[in-house]
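Undergrad: Handing you this structure, nothing more for now.
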Amino acid sequence: GPQHTLYIPAPLLKSGLNHISVFELHSPKDGIQFTDTPDLAFMTIAGKRLKTYDHFPAIAGHQKN
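Note that full-length UniProt numbering numbers the sequence shown so that position 30 is 30, with each residue one more than the last.
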């Protein structure tokens, strides 16, 4: 599904210049922005949108497998 942020493991990055390739089909942007917190605003489980608090999903009730 749609993602607002992507995870890059720290060991893959180095001091200085890093080259990152992003393949975007639907709404390409002119650049990227680095952040140290995830954007989980649109998380869903079984079609239900989850609320997020402090960047962690919060689920009320029980989920059947």
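Every residue, glycine too, gets a C-beta built ideally from N, C-alpha and C.
#1: Would Pro-28 pass as a contact of Thr-5 if the rule is Cβ separation under 7 Å?
#2: Where Glu-24 and Asn-18 are concerned, what is the direct C-alpha to C-alpha distance, given to the nearest angstrom?
#3: Which of the three DSSP states, helix, strand or coil, is assigned to Pro-11?
#4: Measure the C-alpha to C-alpha separation of Val-22 and Gln-33 and round it to an integer number of angstroms.
TA: So, from the listed chains and residues:
#1: No.
#2: Distance from the CA of Glu-24 to the CA of Asn-18, rounded to the nearest whole angstrom, comes to 19 Å.
#3: Three-state DSSP puts Pro-11 in a helix.
#4: Per the coordinates, the alpha-carbon of Val-22 lies some 12 Å from the alpha-carbon of Gln-33.
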